[in-house]
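Asks: Can you keep this structure in mind? I'll have questions shortly.
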Amino acid sequence: SYYADPADEMVVVGRTEYGIRFASAVAHQNVAATQFHPEKSQAAGLALLENFVTRF
């Protein structure tokens, strides 16, 4: 698998442990990105997406 390895740790807003620890969510100014599939987590994933859209 591929994963982001940001040079600036200040942009990392979420990490995942899956064999190794890696940045799974980053945000800078008005841009945010994730490296996971919350829509596959049913109601909890949909709530996460709603919160994400509301915040960013």
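By full-length UniProt numbering, the letter at position 48 of the sequence shown is numbered 48, and the numbering carries on one by one without gaps.
All C-beta atoms in this analysis are idealised placements derived from N, C-alpha and C, irrespective of residue type, glycine included.
With a 10 Å radius around its C-beta and 16 neighbouring C-beta atoms as the bar for buried, classify A23 as buried or exposed.
Replies: Buried, since its Cβ has 16 or more Cβ neighbours within 10 Å.
Asks: Going by the DSSP bridge assignment, what does F22 pair with across the sheet?
Replies: In the DSSP output, where bridge partners are listed per residue, F22 has T16.
Asks: Nearest to Q29 by CA position, among P38, V13, L46, G19, is which residue?
Replies: Of the candidates P38, V13, L46, G19, the one whose C-alpha sits nearest the C-alpha of Q29 is V13.
Asks: Alpha carbon to alpha carbon, how far is H37 from S1? Give it in angstroms, no decimals.
Replies: About 14 Å.
Asks: Between which two residues does the beta strand (DSSP E) carrying A33 extend?
Replies: Element bounds for A33: 31-34.
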